[in-house]
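>
Residue numbers (my numbering): 4 to 185.
Next up, the structure:
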């Protein structure tokens with residue numbers, strides 16, 4: 004009887020150790036994905052604010068010129084200010100999309116202006132906007148990949164239990180309304 008009891012105790016201890024190791028792995032995996040998601044979220048929001056700041060700079064330059072009253076410039080200023088306020092990711096995505104539309108109109112309109120197209124300061128700001136726009140597309144792709152990975156990690160059992168214990172919920176991907184029509 005002692006041999007059977009000893010084997011049972013040893014088996015129980017091994018089983019508990021395996022459960023603890025599996026739980027530790029589960030919590031570490033979920034925590035690691037959550038930290039990556041948090042970093043990508045901060046990077047995306049930071050990039051949005053950088054773009055808004057660049058738009059404000061370009062608009063501030065335009066205000067000193069006769070085009071300062073242009074409806075496109077006024078709209079860009081409003082959107083830039085709105086972007087720097089705290090929003091949900093979806094609200095920020097929608098503001099960003101509207102800003103992108105206006106940046107496109109802004110650059111086309113003023114690229115065709117014979118005076119502005121030769122202005123080095125304007126060209127610098129315009130090029131900065133184009134760079135930020137192109138770079139931002141890459142940031143969106145990275146964010147969405149991280150969001151999809153995070154959501155896939157916390158969905159299956161037992162990771163979903165770990166996520167609930169850490170009070171984590173699935174995150175939204177960055178999808179501006181009508182993004183495909185833009």
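Cβ atoms here follow ideal geometry from the backbone N, Cα and C, with glycine treated the same way.
#1: Determine the DSSP secondary structure at residue 41, reduced to helix, strand or coil.
#2: Relative to the alpha-carbon of residue 135, which residue among 106, 43, 26 has its alpha-carbon at the smallest distance?
#3: With C-beta atoms as the reference, is residue 95 less than 8 Å away from residue 48?
#4: Please report the residue range of the alpha helix (DSSP H) in which residue 74 lies.
#5: Suppose the cutoff is 7 Å on Cβ atoms and the five residues either side in sequence are ignored; what does the same chain contact list for residue 177 look like?
#6: Under three-state DSSP, which class holds residue 19?
#7: Hey, could you find the ends of the alpha helix (DSSP H) residue 107 is sitting in?
#8: Contact between the segment 17-33 and the segment 71-85: three or more CB pairs below 8 Å?
The answer reads as follows:
#1: helix
#2: 106
#3: Yes, Cβ-Cβ distance for residue 95 and residue 48 is below 8 Å.
#4: 74-86
#5: 47, 92, 96, 143, 146, 147
#6: helix
#7: 92-114
#8: Note that the segment 17-33 does not touch the segment 71-85; fewer than 3 beta-carbon pairs, one per stretch, sit closer than 8 Å.
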